[in-house]
Structures are given as C-alpha cells and as structure tokens.
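Each step along the sequence shown adds one to the number in this note's numbering, with nothing skipped, and position 170 is 342. Every residue gets a Cβ at the ideal spot worked out from N, C-alpha and C, and that includes glycine. For reference, the structure is listed below as structure tokens.
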Amino acid sequence: MYRQLLAATAFAAAITAPALAELEPGDAAPDFTLEGFQAGEPASFHLAEALADGPVVLFFFPAAFTSGCEAQAASFAESIADFEALGAQVIGVTAGNTDRLAEFSTQHCASAFPVFAVADGMISDYEAGLLLRPGWTSRTTYVIAADQTIAMTYSEMSPYEHVDRSLAALREMQDGDAE
Numbered sequence: 173m174y175r176q177l178l179a180a181t182a183f184a185a186a187i188t189a190p191a192l193a194e195l196e197p198g199d200a201a202p203d204f205t206l207e208g209f210q211a212g213e214p215a216s217f218h219l220a221e222a223l224a225d226g227p228v229v230l231f232f233f234p235a236a237f238t239s240g241c242e243a244q245a246a247s248f249a250e251s252i253a254d255f256e257a258l259g260a261q262v263i264g265v266t267a268g269n270t271d272r273l274a275e276f277s278t279q280h281c282a283s284a285f286p287v288f289a290v291a292d293g294m295i296s297d298y299e300a301g302l303l304l305r306p307g308w309t310s311r312t313t314y315v316i317a318a319d320q321t322i323a324m325t326y327s328e329m330s331p332y333e334h335v336d337r338s339l340a341a342l343r344e345m346q347d348g349d350a351e
C-alpha cells in the first residue's frame, strides 16, 4: 500500500512539475517532421509544409492515457470545428506512452486530429520538457503563425484553458489580418 501511495505521489509530482521556459511570441518556430497516428492510421507531419495551409496549433502533453491528457485531447477534439473555421490545424505531441498513440488517436482525440511521438531534439527546441520528469513533455500549447513564428505560448499543467487560449489567439491573428 505504501509503495502504491509513494508511486502515485511521485507520478503526480512529475506531471504537475514546472516546465522549462518556453518559446515566446515572435520567436521563430523550429521546423520538425513527426510520425504518429490519426484515426488509428499512420500519419506524418512537417511543420513548414503544413504552414502553407495556415496556422498550426501545437499542443504538447505529458503522456497518452493519463487523465489530464485525455481531458485535454477531448477538449481539442470537441472544438475542432472552431479551429478549422479559423483555418488552423491542430496536432498533439507527447513523449509518454507513445506505443499507444494509435489507440489514443481514436479514443481520446475522436479521430479529429493527429497525435505524434516527439521527434529527436524537439523537447529542447520547443523547451517543452518537464523539469522533474526528464524525457517527458510538459503541457504547453503553441499557436504557430503561417510565417513560422510563435503567435501564442501557454504552459499550464491544468488541461482546461489550452483550447480557449488557442482559439482566442487565432481570432486575434485573424482580426489583425483584417485590419
């Protein structure tokens, strides 16, 4: 019993630990290519190519099949029509439980967007590592503008504001383009 409690406490501390400092609005977004799944099928993604179609919402999450990550993915899936209406693509990226991403893409992403295993160097490039859990990704969301610059950064272990903040940033970008 004590070991289970200790393990649960250690896990909770790791996923609520502060993240490294993230990229700031105006910074260049490092390019990357990823492999993962959408709707249970293999998918690939290259940032520079995707940006030709509009902004990208890149959300890092600690691990597939953990409660906060399930809630975050479901929240993005429920709002996918709003993102599409703003011309944005949504992708999720993780370093945890990557062997189960095909299943996660259908169950918690509702096949609405792809999820990928983090690429080599990506955690450091995007400064998305958990300080107390090396090798895992933080819960950090970036909105990347079509010119490959960071338009918004939000890093918070609670999964509940990432969608709203991303949509607000996209609307602000759209309003700025209309002026």
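Any idea which residues DSSP pairs residue i with across the strands?
i: Ile263; result: Leu230
i: Met324; result: Val315
i: Glu194; result: DSSP, once it has assigned bridges, lists no residue as partnering Glu194.
i: Leu206; result: Phe217
i: Ala235; result: Gly268
i: Phe288; result: Gly208, Val265
i: Ala200; result: Thr321
Please report the distance separating the alpha-carbon of residue i from that of residue j.
i: Glu256; j: Ala215; result: 19 Å
i: Met345; j: Ser239; result: 31 Å
i: Thr313; j: Ala235; result: 15 Å
i: Glu333; j: Glu194; result: 17 Å
i: Ser338; j: Phe231; result: 10 Å
i: Val287; j: Ala222; result: 15 Å
i: Thr321; j: Ala340; result: 17 Å
i: Gln261; j: Ser283; result: 13 Å
i: Thr325; j: Phe237; result: 24 Å
i: Ala318; j: Ala201; result: 10 Å
i: Ser330; j: Gly198; result: 25 Å
i: Ala224; j: Val315; result: 15 Å
i: Glu196; j: Leu342; result: 16 Å
i: Gly348; j: Val335; result: 20 Å
Leaving aside the five residues before and after residue i along the sequence, list all residues of the same chain whose C-beta is less than 8 Å from its C-beta, in chain order.
i: Ala289; result: Leu206, Glu207, Gly208, Val265, Thr266, Ala267, Thr270, Leu273
i: Ala220; result: Asp203, Gln320
Could you pull out every residue in the same chain whose Cβ sits closer than 7 Å to the Cβ of residue i, ignoring the five residues on either side in sequence?
i: His218; result: Thr205
i: Ile252; result: Val262, Ala284, Phe285
Among the residues of its own chain, which have a CB less than 6 Å from the CB of residue i, if the five just before and after it don't count?
i: Met294; result: Phe204
i: Gly259; result: Gly226
i: Val390; result: Residue 390 lies beyond the residue range present for the chain, which begins at 173 and ends at 351; the question has no answer from this structure.
Compare the C-beta of residue i against all C-beta atoms of chain D and say whether one is closer than 8 Å.
i: Gln261; result: No chain D is present in this structure, which holds just one protein chain.
Taking contact to mean 3 or more Cβ pairs, one atom from each stretch, closer than 8 Å, check whether the stretch 198 to 214 and the stretch 243 to 250 are in contact. no
Would you check if there are 3 or more beta carbon pairs closer than 8 Å linking the stretch 274 to 290 to the stretch 310 to 328? no
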